[in-house]
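The structure appears below as structure tokens.
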Amino acid sequence: MDRSVAEAIRQQSEDLRDELKELEQWEDAMQAREVARTQRKVPLSANAAAAEPPIRGTVPSLKGAIQQQLARAAGAGGDTAAGAVADPIQQAKDKGNALFQSGYLSEAVAAYTMGIDLDPASATTHVLYANRAMCYLKLGQWTAAEKDATTCVHMNTGYVKAYYRRAVARKQLGKLHEARADLEAVLALAPRDVSAQQEMESVTRALQAKRAAASQGSATAGTSAKKRIIIEEVDSEDDEAAGEAPVTSVSKLSAEEEGLRQACIEEDLRRLAAARESSEVQARQEAQRKAAAQAQRQRRHERVEIIEEEEEKSSMEEKKTASSPATATPAVKQTPSSVTSSPPASSSPSPTFPTTRARPRPSIAKESLTAPKSFSEFERRFREVGQQPELRDYYVRQLNPATMANLIGSNMTPEMLLGILQAVKTFHSTVALQYARGLCQVRRVEDLTLFLNAQEKAVVQDVLDLLRSAPDIPAKDIEHIERKLKPL
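Next up, the structure:
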């Protein structure tokens with residue numbers, strides 16, 4: 092599970108790096124847009140000013156000119172109100188929508204482009220960019236679709252459709268990390284979007300497959316590197332040919348050394364995890380052994396040990412008597428002396444018999460398990476009772492569901508999450524609901540559930556089935572818990 096957490100942290104760092112890169116691209120685009128805007132504000136020439144002098148109400152944009160032309164035409168025809176209300180950008184949008192619904196995708200792209208050219212900085216132009224991106228998606232032009240969707244996002248950062256369409260385009264272009272970031276934005280703005288949830292699941296599976304293929308490729312590169320690195324000394328008169336060969340080997344060694352370095356890092360991580368696990372197991376066994384010995388010393392009495400030693404010695408002497416009949420009489424005579432001399436010898440307890448005859452008792456009693464006051468106390472106690480389901484369930488019951496998020500904070504581990512879920516599924520449905528709500532408030536729970544295996548996901552499903560079996564639990568509460576514990 093430590094390796095899974097490391098992979099999650101690595102993926103979050105990559106997503107942050109991609110977001111910073113997109114922010115830099117957005118800043119460059121805004122600067123270019125500002126330069127273009129200043130260039131469009133160049134004053135008219137003297138001839139143009141003399142040909143058409145400015146009058147009050149003149150609009151410098153193409154949209155305003157078309158609106159004035161339509162207003163004059165409508166006024167000449169007697170319908171001044173309708174002409175003044177008509178918006179050429181809205182007309183271009185309606186025309187593009189009609190062509191898109193009819194299946195004329197190229198014509199719809201042309202209509203949306205005409206509306207964008209009328210006024211690129213209009214308050215509704217971002218919708219035209221988003222609609223044109225949809226046409227490009229239908230046509231399979233992924234790069235153009237990504238570009239239009241990005242422009243729409245820059246113009247309106249809260250437009251959900253632009254994020255979704257850019258995610259689809261980036262998925263087709265192989266930009267899986269960027270597509271996942273866009274889908275996270277969609278689910279943040281519209282959590283109930285089913286299409287975005289399905290795309291998120293698909294992109295996550297593709298990322299996992301890509302990471303698995305990369306790790307397998309690095310391992311293959313490592314083995315191939317061990318086979319290919321061969322140092323040979325060849326005597327040749329052609330110095331130029333001998334000088335060209337090392338250059339090729341160096342270019343190959345760079346990629347091979349990178350694969351070897353990655354494989355060594357993964358091997359070190361595995362060894363560290365194994366050493367940590369073995370040390371924890373040894374410490375746990377040593378603590379249990381000491382606790383059992385302490386309990387045995389408190390329970391046993393000197394008189395019990397004396398009787399056991401007498402019985403043991405008498406049984407050994409009987410065996411010797413049965414094996415050698417000639418020495419039976421001396422053995423019988425020596426028996427009383429051994430019996431009478433045994434009590435002084437056993438005045439100090441023998442370490443052999445109590446150790447072999449001791450029965451291990453539970454090292455922790457339920458009465459000693461109380462509500463933790465800090466996370467360090469909770470972590471220590473939970474590690475002690477983690478392997479004992481009865482004590483673990485009892486200890487989880489001592490937690491207050493309302494303050495669970497403040498107690499754990501961002502220190503939740505996969506082992507803690509699994510142990511708490513295993514305890515919750517044994518509770519009554521109403522009690523399990525309170526603990527499930529408190530668990531959903533803990534930070535990093537949703538990230539940890541992304542890396543659960545099939546057996547651990549079955550525990551989550553058992554908790555959800557327990558909540559669904561109660562008729563008095565609202566369905567919306569169960570849906571909220573399911574989104575937190577089963578994000579995919």
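Numbering (the working numbering) for the sequence shown: 92 to 579.
From the three backbone atoms N, C-alpha and C, an ideal C-beta is built for every residue, glycine too.
Put simply, the backbone Cα of D553 is about 29 Å away from that of A364. Boundaries for D178: no alpha helix (DSSP H) harbours it, and the DSSP string shows neither H nor E there. Excluding sequence positions up to five before and after Y254, its CB lies within less than 8 Å of the CB of A240, V244, D273, L274, A276, V277 and L280, all in the same chain and listed in chain order.
Comparing C-alpha distances from A99 to each of P565, K548, D538 and D568 shows the shortest one belongs to D538.
Relative to the Cα of A201, the nearest Cα in the group D185, A212 and T129 belongs to D185. The C-beta distance from H217 to N247 rounds to 4 Å, short enough to meet the 8 Å contact threshold.
Here K262 has A270, E290, S293, V294 and A297 as same chain residues with Cβ atoms under 8 Å from its own Cβ, once five neighbours each way along the sequence are excluded. In this structure the stretch 525-537 touches the stretch 500-507; the number of beta carbon pairs closer than 8 Å is three or more. A contact is defined here as three or more CB-CB pairs under 8 Å, and the stretch 505-520 meets this definition with respect to the stretch 479-488. For E470, the uninterrupted alpha helix (DSSP H) segment begins and ends at F466 to V476.
Here the C-alpha atom of K577 lies approximately 11 Å from the C-alpha atom of V550.
Taken through DSSP and simplified to helix, strand or coil, M503 comes out as coil. For V536, the uninterrupted alpha helix (DSSP H) segment begins and ends at V536 to T540. Rounded to whole angstroms, R108 and A383 show a C-alpha spacing of 53 Å.
Here the C-alpha atom of A493 lies approximately 8 Å from the C-alpha atom of R528. Non-local beta-carbon contacts of I499 in its own chain, meaning distances under 7 Å to residues more than five positions away in sequence, involve F466 and V533 in chain order.
At a Cβ-Cβ threshold of 8 Å, L228 and A199 do not count as neighbours.
Between the stretch 555-563 and the stretch 514-526 there are three or more C-beta pairs closer than 8 Å, enough to call the two in contact. Where H519 is concerned, there is no enclosing alpha helix (DSSP H), because DSSP gives it neither an H nor an E. The DSSP-derived three-state label of L512 is helix.
Leaving aside the five residues that flank I569 on each side, the residues in its chain whose CB is nearer than 8 Å to its CB run, in chain order, L555, L558 and R559.
Secondary structure note for R488: its alpha helix (DSSP H) is the uninterrupted segment P480 to R488.
Annotation for A561: S520 place their beta carbon closer than 6 Å to its own, counting only its chain and skipping 5 residues before and after.
Just so you know, the alpha carbons of F473 and V96 end up roughly 20 Å apart. The C-beta of I207 has 16 or more other C-beta atoms within 10 Å across all chains shown, which makes the residue buried. In the structure shown, D563 adopts coil according to DSSP, grouped into three states. Annotation: the continuous alpha helix (DSSP H) that includes N222 extends over T216 to L230. Ranked by Cα distance from A456, the options V476, R471, P463 and I572 are led by V476. By alpha-carbon distance to Q479, the top candidate from R375, N188 and I572 is R375. S213 carries a coil assignment under DSSP once its states are collapsed to helix, strand and coil. A buried status is given to N222, since no fewer than 16 other beta-carbon atoms sit within 10 Å of its beta-carbon. With fewer than 16 neighbouring CB atoms inside 10 Å of its own CB, M121 falls in the exposed class. Between A224 and R256, the beta carbon gap of about 5 Å places them in contact (Cβ cut-off 8 Å). For Q307, same chain residues with a beta-carbon under 7 Å away, outside a window of 5 residues either side, do not exist.
Taking a C-beta distance under 8 Å as the contact criterion, A189 and M205 do not qualify as a contact pair.
With respect to L530, Q489 sits apart: the two C-beta atoms are not nearer than 8 Å.
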